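**Student:** Numbered per numbering that gives the first Met the number 0, the sequence shown finishes at 165, counting up by one with no gaps. Virtual Cβ for every residue (Gly too), placed ideally from N, Cα, C. Being a predicted model, the structure only gives us computed values, none of them experimental. Have a look at the structure that comes next, please.
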Amino acid sequence: MYWADELAERVQGPQVVNDSKTPSGTVHVGSLRGPVVHDVIARALRARGVPVEFRYGVEDMDAMDAQALLTPDAVEKYMGVPLSRVPAPEGSTATNYARHFVETLFFPTFARLGIRPEFYWLSEIYPTGKMDPYMRIALDKAQVIRDLYVRVSNVERPAGWLPVQV
């Protein structure tokens, strides 16, 4: 019995398996770890007859950073801009930078591996207001989040830091 089967035996009722990624470049082994692990969990749940939704969020509201695969002048121009608002690379038919990588790399790679989550785009969810209550929780618990950064990744955020990007 595998670890995912053991997990599937312990849960009750319908389950949601969720993953997400900032689509700012190529799909590599490290970026596939989450989707592969979560796909294994979803499959184990289904094999046990557990109703499961497997979702994958495209974090296209995350900001452009210097690690993105753009020319230096483009990085400077779009630094800090949400990836959904950065133009697609030259020659791409995608509507923006994030969609370029998801449509040309993520979708085909996932399909080839047999990973078939329900995709959702954060740039489509945020304007609806559905995230507002959760953003309020994050703002209200900013100190807890700062403490987690220290404990988990040894990164200390300044006292006024908030877990949002405006």
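Please classify Gln14: does DSSP put it in a helix, a strand, or coil?
**Tutor:** strand
**Student:** Tell me whether the beta-carbon of Asp166 lies closer than 8 Å to the beta-carbon of Ile114.
**Tutor:** Outside the modelled stretch of the chain, which goes from 0 to 165, sits residue 166, for which no answer is possible.
**Student:** Anyone know if the C-beta pair for Pro50 and Phe109 falls short of 8 Å?
**Tutor:** no
**Student:** Below 6 Å CB to CB, which residues in the same chain sit around Tyr209 once its five sequence neighbours on both sides are set aside?
**Tutor:** In the structure as shown, the chain begins at 0 and stops at 165. Residue 209 is therefore absent and cannot be evaluated.
**Student:** So for Lys20, helix, strand or coil by DSSP?
**Tutor:** In this structure, Lys20 counts as strand in the three-state DSSP scheme.
**Student:** Should Leu121 and Glu58 be called a contact, given that it needs their Cβ atoms to be closer than 8 Å?
**Tutor:** Going by C-beta atoms, Leu121 is nearer than 8 Å to Glu58.
**Student:** Given a threshold of 16 other Cβ atoms within 10 Å of its Cβ, counted over all protein chains shown, does Phe105 qualify as buried or as exposed?
**Tutor:** buried
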